[in-house]
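These notes concern the structure reproduced below.
There are 2 protein chains.
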Amino acid sequence: MSELPLAAIDRIIRKSTGIRVSESAAKELSVFLEEEGMRIAQQAAVFSKHAGRKTVTDEDIRLALKKQ
Amino acid sequence: MSELPLAAIDRIIRKSTGIRVSESAAKELSVFLEEEGMRIAQQAAVFSKHAGRKTVTDEDIRLALKKQ
């Protein structure tokens with residue numbers, strides 16, 4: 003629950019809004035994006051296994067994103 | 003479109019699935035999460051301005067997440 007660097011999240015918010023960001027805002031978004039990433043990864047892993055593979059590929063991720 | 007370090011995305015996928023991840027899979031997920039982050043940030047910035055503030059706060063992010 004702390005893989006995404008806050009500095010990166012801060013830059014994403016500042017770049018896309020042009021305004022300042024509180025540290026707690028960056029943390030809040032970071033937690034959400036990390037959970038979202040885990041959820042998508044778990045769905046993608048189901049597709050990998052279904053296809054008889056032991057590696058998650060970009061195709062698995064795309065399928066997981068479509069299924070949302 | 004390249005703020006989130008691929009190594010972090012790779013760890014999120016491996017930790018939550020326990021299986022290997024292709025580099026293209028990590029890239030695919032990274033692009034999605036970054037776009038998602040930008041979309042949420044832009045919505046949060048609308049709420050900041052509406053509240054007469056010049057800083058995005060965690061409350062703005064939470065409201066933007068609810069509105070999804």
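Chains as they are written, first to last, in the numbering used here: chain A, 3 to 70; chain B, 3 to 70.
C-beta atoms are modelled at their ideal positions from N, C-alpha and C, and glycine is treated no differently.
Predicted, not measured: the structure shown is a model, and the values here were computed from it.
> Can the beta-carbon of B:Ser24 be found less than 8 Å from the beta-carbon of A:Met40?
Replying inline: At the C-beta level, B:Ser24 and A:Met40 stay beyond 8 Å of one another.
> Looking at the structure shown, is A:Thr19 part of a helix, part of a strand, or coil, going by DSSP?
Replying inline: Residue state, collapsed to three classes: helix.
> Closer than 8 Å, CB to CB, is B:Leu8 near chain A or not?
Replying inline: Chain A has no Cβ within less than 8 Å of the Cβ of B:Leu8.
>> Out of B:Ala27, B:Lys69, B:Gln45 and B:Ile63, which one is the CA nearest neighbour of A:Ala27?
In response: Measuring from the Cα of A:Ala27, the nearest candidate turns out to be B:Ile63.
>> Bridge partners for B:Val58 per DSSP, in chain order?
In response: B:Val58 is bridged to A:Val23.
> At a Cβ threshold of 8 Å, is A:Ala53 touching chain B?
Replying inline: With 8 Å as the cut-off, A:Ala53 does not count as an interface residue toward chain B.
> Under 8 Å, do B:Ala10 and A:Leu6 count as touching if we go by C-beta distance?
Replying inline: Result yes, Cβ atoms of B:Ala10 and A:Leu6 sit closer than 8 Å.
> Taking any Cβ of chain B, which residues in the segment 24–36 of chain A have a Cβ under 8 Å from it, in chain order?
Replying inline: Listed by position along the chain: Ser24, Ser26, Ala27, Lys29, Glu30, Leu31, Phe34, Leu35 and Glu36.
> Between the segment 57–69 of chain A and chain B, which residues of the former have a C-beta closer than 9 Å to a C-beta of the latter?
Replying inline: Within the segment 57–69 of chain A, Thr57, Val58, Thr59, Asp60, Glu61, Asp62, Ile63, Arg64, Ala66 and Leu67 place their CB atoms closer than 9 Å to a CB of chain B, listed in sequence order.
> Can you give the Cα-Cα distance for A:Glu36 and B:Val33, rounded to whole angstroms?
Replying inline: Looking at the backbone, the Cα of A:Glu36 and that of B:Val33 are separated by about 13 Å.
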